[in-house]
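Chain order of the listed sequences is A and B. For the first sequence, my numbering gives the first residue as 1, with consecutive numbering after it. For the second sequence, my numbering gives the first residue as 294, with consecutive numbering after it. Even for Gly, the Cβ is constructed at its ideal location relative to N, Cα and C. Since we're looking at a predicted model, the values are computed, not measured. Written out below as structure tokens is the structure these notes cover.
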Amino acid sequence: MSKNRNRIDALIAGLAPVRDDELRGELQISGAALLQTVLASPVETSQRDRVPRRRRRALVLAAALALAAALSLPALSVVRTIVGLGSGADDLTPVATSSEMVVASGRAGAPWKVVAVTSDHGLCWGVQVKDPSEGWTRGLGCDYLDLRGDLPPDVRGNPSRPCLTSPTEAVPCGSLPRHWVDFPGDTTNFSGYAALDRIIVLGVAAEGVASVELVLTNGQTVPANLVEQPHGLPLSFYWAALPPDDGYRKSPELEEVTKMVVARDANGLVLERRVPAWNGNPTGDPDGPPPPS
Amino acid sequence: MYEEHYHRVLGYALRRTDRDDAADIVAETFLVAWRRFDTVPEGEGALLWLYGTARRVLANHKRSSRRRARLTERIRAERVHGVPSSVDDARLGAAATAFARLRADDRELLALVAWEALDAGQVGQVLGCSRNAARIRLHRARRRFARELERVEGPAKRNSVGGHVSEAYE
Numbered sequence: 001m002s003k004n005r006n007r008i009d010a011l012i013a014g015l016a017p018v019r020d021d022e023l024r025g026e027l028q029i030s031g032a033a034l035l036q037t038v039l040a041s042p043v044e045t046s047q048r049d050r051v052p053r054r055r056r057r058a059l060v061l062a063a064a065l066a067l068a069a070a071l072s073l074p075a076l077s078v079v080r081t082i083v084g085l086g087s088g089a090d091d092l093t094p095v096a097t098s099s100e101m102v103v104a105s106g107r108a109g110a111p112w113k114v115v116a117v118t119s120d121h122g123l124c125w126g127v128q129v130k131d132p133s134e135g136w137t138r139g140l141g142c143d144y145l146d147l148r149g150d151l152p153p154d155v156r157g158n159p160s161r162p163c164l165t166s167p168t169e170a171v172p173c174g175s176l177p178r179h180w181v182d183f184p185g186d187t188t189n190f191s192g193y194a195a196l197d198r199i200i201v202l203g204v205a206a207e208g209v210a211s212v213e214l215v216l217t218n219g220q221t222v223p224a225n226l227v228e229q230p231h232g233l234p235l236s237f238y239w240a241a242l243p244p245d246d247g248y249r250k251s252p253e254l255e256e257v258t259k260m261v262v263a264r265d266a267n268g269l270v271l272e273r274r275v276p277a278w279n280g281n282p283t284g285d286p287d288g289p290p291p292p293s
Numbered sequence: 294m295y296e297e298h299y300h301r302v303l304g305y306a307l308r309r310t311d312r313d314d315a316a317d318i319v320a321e322t323f324l325v326a327w328r329r330f331d332t333v334p335e336g337e338g339a340l341l342w343l344y345g346t347a348r349r350v351l352a353n354h355k356r357s358s359r360r361r362a363r364l365t366e367r368i369r370a371e372r373v374h375g376v377p378s379s380v381d382d383a384r385l386g387a388a389a390t391a392f393a394r395l396r397a398d399d400r401e402l403l404a405l406v407a408w409e410a411l412d413a414g415q416v417g418q419v420l421g422c423s424r425n426a427a428r429i430r431l432h433r434a435r436r437r438f439a440r441e442l443e444r445v446e447g448p449a450k451r452n453s454v455g456g457h458v459s460e461a462y463e
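Listed below in structure tokens is the structure:
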């Protein structure tokens, strides 16, 4: 009985995304940076919550940014801004193979830009925002790209690494079908984007895609801006700046504001209607179940 | 306390969210600890207090800015499969699927034991319940996990892990 319990615990232990002992190398730097910021904040007194909420939020943000910056320091010797987001536990630090490329930029309550860099973990990209007091946010995400086309390894990423396409389905990354369009992420997900007064939706599309539409969870369909093959990259980026709190209906299954992406060719013909992998089409198979109504 | 427990809290956060958000969680957890230093227990209790605080901070964080971006899920999944283990990849993939199908509170219970290496009494302190209640909830969570694993793996592999788990919680 106890043996079964231990085997279950061991099995679950094997699922841990990272182990404590893997973090020790980062501790001296990141810990010191965070501690310095934490110690600068006041201690609670008898009066409840004496730190004004706004200042408290700023303190937390400052501490978080300090920590996020420090966490990425091992990468800085190679590249300036890649945070180790998107790499496997066996190697947390992507190595850049290009300089940073600004793909798009604008202002939405604060300056923002879409930055991309190729790496040994594939293309890393993300939205960076300039906080009035803290400067630019830093995080980029690197991923295996399941887009069509002959993408070089430092754009495609590692196809041999197994991955999940949804919280419930395990699929080898290398076996994924190739898509015309990537399902986007958006900036509702991280407090570092708090300075924005619009939601930036961002994704990538394969060569041959001439336009992209976003079907939102509030029922609206909006066109996305398409940046075709910037800086000679063999793919395109699409983005849209959406009003916040516009009746989006997020759910535990779908927490982005987009519920479907429609890619069209130059003639306006639909190449693909892509839905989240966990939304009724767990393998991401374009010939799988139809998109939600 | 900070030097002793920082990496544990960071690990706790990184095992439950992505790297950027983990920075938020750790920062806010230690800010709370600093501001309420007088209420933080000494010794082992400090770590459990920090886990409990990080758990609440994480819950608030998710409530205020929830996401399950495809990118993050895939990243997390890559990490899952990237962890060296004596368990073969297929088994680990099935376990990941079964684990993902559990309710969040079941996942947290099992993770506190398997990832943070806490016993039932310590889990009770983190979750604010008695040791006995934690044991019972753990027992049920393990049973549900075993059932999900059976469903994922199919009848051929039944009883390989979960066959008798319903009787075991101590």
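Classify A326/B as buried or exposed, calling it buried when 16 or more other Cβ atoms lie within 10 Å of its own Cβ. buried
Could you check the C-alpha separation between N267/A and G208/A for me, to the nearest Å? In a straight line, the C-alpha of N267/A is about 11 Å away from that of G208/A.
Who are F237/A's beta bridge partners in DSSP? V204/A, V227/A
Could you confirm whether any beta carbon from chain B is found closer than 8 Å to the beta carbon of V298/A? Outside the displayed range of chain A (1 to 293) lies residue 298/A, so it cannot be described from this structure.
Do you know how far the Cα of Q418/B is from the Cα of E337/B? 11 Å
Burial state of P276/A, where buried means 16 or more other Cβ atoms lie within 10 Å: buried
Pairwise C-alpha distance: P152/A and N6/A: 44 Å
Could you tell me the alpha carbon to alpha carbon distance between A315/B and L269/A, rounded to whole angstroms? 42 Å
Quick check on D245/A: buried or exposed, where buried means 16 or more other Cβ atoms within 10 Å of its Cβ? exposed
CA-to-CA distance, P184/A to Q229/A, given in whole angstroms: 17 Å
Just to confirm the assignment, what range does the beta strand (DSSP E) spanning D131/A have? DSSP places D131/A in the uninterrupted beta strand (DSSP E) bounded by 124-131.
Check whether the Cβ atoms of A413/B and R428/B lie closer than 8 Å to each other. yes
Can you check whether the C-beta of A13/A is within less than 8 Å of a C-beta belonging to chain B? Taking Cβ atoms only, chain B reaches closer than 8 Å to A13/A, which makes this a yes.
Closer than 8 Å is the cut-off here; do at least three beta carbon pairs connect the region 108-119 of chain A with the region 191-204 of chain A? yes
Just verifying my parser: in three-state terms, what is the DSSP assignment at W327/B? helix
8 Å is my cut-off, CB to CB: does I8/A come that close to chain B? Yes, contact with chain B.
What did DSSP end up calling W408/B once you bin it into helix, strand or coil? Correct three-state label for W408/B: coil.
Near P223/A, which residues of its chain fall below 6 Å by C-beta distance, leaving aside the five closest residues on each side in sequence? E213
Indicate whether at least one CB of chain B lies closer than 8 Å to the CB of P244/A. no
Rounded to whole angstroms, what's the CA-CA distance from C124/A to L11/A? Just pull it up for me. 31 Å
Would you mind telling me which residues of chain B sit closer than 7 Å to V18/A, beta carbon to beta carbon, in chain order? Scanning chain B for C-beta atoms nearer than 7 Å to the C-beta of V18/A yields G304, L307, R308, R372, reported in chain order.
Using CA coordinates, which residue listed in F392/B, G421/B, Y344/B, A397/B is at the minimum distance from I318/B? Y344/B
Assuming contact is defined by CB atoms lying nearer than 8 Å, are T310/B and T346/B in contact in what I supplied? With respect to T346/B, T310/B sits apart: the two C-beta atoms are not nearer than 8 Å.
Cα-Cα separation between T390/B and D182/A, rounded to whole angstroms: 23 Å
Run through DSSP, which three-state label would V18/A get? coil
For T118/A, which residues of its own chain have a beta-carbon under 6 Å away from its beta-carbon, when the five flanking residues on both sides are left out? T97, S98, D154, V155
Pick from K259/A, Y238/A, L242/A: whose alpha carbon is nearest that of R249/A? K259/A
Counting only beta-carbon separations shorter than 8 Å, does L420/B have a partner in chain A? no
At what residues does the alpha helix (DSSP H) containing L442/B begin and finish? Membership of L442/B in the alpha helix (DSSP H) is indicated by the continuous run 424-446.
Do you know how far the Cα of L402/B is from the Cα of T422/B? Here residue 422/B turns out to be Cys, not Thr, going by the sequence shown. Pairing C422/B with L402/B, the inter-Cα distance amounts to about 12 Å.
Assign F330/B to one of two classes, buried (16 or more other C-beta atoms within 10 Å of its C-beta) or exposed (fewer than that). exposed
For L147/A, tell me which candidate among D131/A, V204/A, V227/A, Y238/A has the shortest Cα-Cα distance. V204/A
Pick helix, strand or coil for W112/A, following the three-state DSSP scheme. strand
Taking the alpha helix (DSSP H) that R274/A belongs to, which residues open and close that run? No alpha helix (DSSP H) contains R274/A, which is instead part of the beta strand (DSSP E) from 270-274.
Taking L202/A as the reference, give the member of V18/A, G122/A, V127/A with the closest Cα. V127/A
Option in L235/A, W112/A, V102/A, G122/A with minimal Cα separation from P94/A: When only C-alpha atoms are compared, the closest one is G122/A.
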